[in-house]
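Here is the structure we will look at.
Residue numbers (full-length UniProt numbering): 1 to 74.
Following this line, the structure appears as structure tokens:
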């Protein structure tokens, strides 16, 4: 697994949490987006995603990761 952020969480762990605590089609908010692992997990599990990140470097990384997983980030 490639490390993009100092506190990066595994996508598989986030997928499990998202599937447990939300339903397909729900919107998940991550207001400390970091490298975008939650966004990737949302794309993989059929959830919508809103991510907020104050550091431009990490926002750009997250946007690229989410886009690569199938969802266009803006």
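Just so it is clear, CB atoms sit at the ideal spot from N, CA and C, and this is done for glycine as well.
Beta carbon of residue 38 nearer than 8 Å to that of residue 51: yes
Could you spell out the range, first to last residue, of the beta strand (DSSP E) harbouring residue 51? 48-51
Excluding the 5 residues preceding and the 5 following residue 36 in the sequence, name in chain order all residues of the same chain whose CB lies nearer than 6 Å to its CB. 62, 65 and 66
Buried/exposed call for residue 49, threshold 16 Cβ in 10 Å: buried
Extract the residue ranges of the beta strand (DSSP E) inside the UniProt domain "DNA methylase N-4/N-6" (3-63), only unbroken runs of 3 or more that lie entirely within it. Here the runs fully enclosed are 27-30 and 48-51.
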